[in-house]
Amino acid sequence: MATLDSLAITKLIDPSPPASIRITRIDENCPIHGRNKISTNPQDIGDPEDLIKFDSFPEDTAIDTKTQSSLVFESLQQNSMSFNCCQDENNFQNLYLDNPLESNPIDANVPETRPNGDLYKLENCSEPNGAGANVDLLEFELAKSHKILESQAKLIRERDETIATLMENVHELERWRDALEPHYKVLKEQQQSLVESSTRVNVQQLEQGLQENKILGAKLSELESSLTEKDKVIAAMYDESFQNKLALEKLQREMDQLRSDRKQLYDSMAVLNSSLKSREMKIQLLVAKEHQQELNLVSQELDEARGVVKKQNEEITKCQNLLAMAQGQVSHMYKELEAKEEIIKERSMQIQQWKSRLIALEGKLTENDKSSRLLVALETQSRLRKKCNELQVQLYNKKGKSP
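Numbered by my numbering, the letters in the sequence shown go through residues 27 to 429 in order.
This is the structure:
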């Protein structure tokens with residue numbers, strides 16, 4: 027409970043009517059406090075619900091209840107009163123503010139005070155331009171202000187009684203305060219020591235927390251740097267994996283192309299093998315046919331020689347000589363046939379060797395690219411064709427030389 031040392035009326039306001047009396051708080055130099063300045067700031071008035079607020083008098087001022095009431099009434103008369111009418115706002119406000127009524131007992135002893143703004147306005151006036159309505163309105167406001175002053179004087183008397191009772195309570199509380207002052211000092215010292223100890227503990231905890239924050243900040247920076255490095259490594263690995271993926275796709279395409287090339291090469295080699303087999307069969311047939319023709323020719327010659335021997339018995343010696351010559355020729359022919367058979371065997375062995383070389387070339391072709399494999403295959407095919415043609419020419423030549 028706050029002590030009340032003095033009294034001052036700070037607020038007296040009725041915001042509901044269209045025109046009201048504004049009683050502002052007494053400033054630093056009011057008659058009670060030795061002041062002579064009146065505050066007109068609306069913020070100093072406070073809430074409209076607070077009608078009267080009592081401030082403390084100085085301790086060295088001894089004023090009885092009558093003196094306090096008279097001083098309060100005088101302070102009420104010295105406060106500013108403003109009446110604003112909205113019927114003809116510009117004309118009426120200028121007329122009233124420039125020519126205040128001398129018949130107003132409140133305004134007669136108070137210097138003219140102009141409001142800072144339109145705090146209150148009169149609305150719904152019956153005659154917008156009539157002077158009689160203005161006078162009636164002012165009389166109504168004057169009577170209303172007198173009633174308000176009477177009610178406030180009554181309220182002040184009631185408040186004086188309340189103040190006297192409260193002053194007794196204040197003196198009693200001051201005696202209690204003087205009695206409790208030593209205990210208050212002891213309690214204050216205890217609280218001060220407790221506050222100091224708690225402050226020291228809080229400072230230590232704060233320093234510890236700051237140190238931990240520094241350590242955590244350093245760890246956080248290290249973690250951020252490590253995470254940044256890991257992000258860089260992950261990005262590099264991602265780029266590397268992407269490049270590897272591209273290389274793998276390229277290699278897969280190359281493998282598919284190589285598989286298709288190998289398939290084409292196998293097809294071409296199969297065609298070449300079939301053509302070589304057919305040519306080999308043709309060569310074997312030709313050799314067997316030539317051998318049979320030679321044998322038939324030799325048998326025919328032997329038959330002719332025997333017929334000649336039988337027919338020319340007389341010429342035995344000649345025939346014997348011819349027979350010896352024929353036998354020599356026959357033996358020579360047999361030798362030539364054996365030589366031709368050996369040549370045929372050699373040629374067949376060469377063909378087998380060429381086949382093995384062709385198989386080896388097929389293995390090499392799988393390791394080379396498409397163009398080189400095709401060139402080797404074409405060269406091998408042309409070389410084999412040349413060899414086959416040469417063999418055929420040799421066989422035909424030998425056939426032409428044989429008797």
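Glycine included, every Cβ here is placed at the ideal spot set by N, Cα and C.
As the structure is a computational prediction, the values presented were derived from the model and not from experiment.
Around the Cβ of I377, a 10 Å sphere holds 16 or more other Cβ atoms; the residue is buried. The residue from K180, H209 and L298 with its alpha-carbon nearest to that of E405 is L298.
The C-alpha of E198 is placed about 22 Å away from the C-alpha of V212. The DSSP assignment places no complete run of the beta strand (DSSP E) inside the segment 275-329 (cut-off: 3 residues). Between R383 and L417, the gap from beta carbon to beta carbon reaches 9 Å or more. Residue environment analysis places Q234 among the exposed positions, since fewer than 16 neighbouring C-beta atoms fall within 10 angstroms of its C-beta.
Looking at the backbone, the Cα of L175 and that of L220 are separated by about 55 Å.
Uninterrupted alpha helix (DSSP H) stretches at least 4 residues long and entirely within the segment 178-242 do not occur. Contact between L312 and L410 does not hold, since the beta-carbon distance rounds to 17 Å and is not under 8 Å. Contact between M359 and V324 holds, with the beta-carbon distance rounding to 6 Å and staying under 8 Å. When W202, S357, E362 and K276 are compared, the shortest CA-CA separation from E316 is found for E362. If you check the CB distance, L291 and K381 do not come in under 9 Å. If you draw a straight line from the Cα of L272 to the Cα of K289, it comes to about 26 Å.
Around the beta carbon of L246, a 10 Å sphere encloses fewer than 16 other beta carbons of the protein chains shown; the residue is thus reported as exposed.
Rounded to the nearest angstrom, the gap between the Cα atoms of Q310 and V356 is 24 Å.
Shown here for S294: same chain residues with a beta carbon closer than 7 Å to its own, the five before and five after excluded, namely A403 in chain order. Burial state of L321 is exposed, judged by a 10 Å Cβ sphere holding fewer than 16 other Cβ atoms. Straight through space, the alpha carbons of E215 and S223 are spaced by roughly 12 Å. The Cβ atoms of R279 and C414 lie no closer than 9 Å to each other.
In the three-state scheme derived from DSSP, where H, G and I count as helix and E and B as strand, E266 is classed as helix.
Here the alpha carbon of E330 sits roughly 18 Å from the alpha carbon of Q318. Around the C-beta of R285, fewer than 16 other C-beta atoms lie within 10 Å, and the residue is accordingly described as exposed. Residue environment: E364 is assigned as exposed (fewer than 16 neighbouring CB atoms within 10 Å of its CB, all protein chains considered). Cα atoms of S252 and Q218: separation of roughly 49 Å, rounded to the nearest angstrom. By the beta-carbon neighbour count (other beta carbons within 10 angstroms, threshold 16), R185 is buried.
Judged by DSSP in its simplified three-state form, E405 adopts helix.
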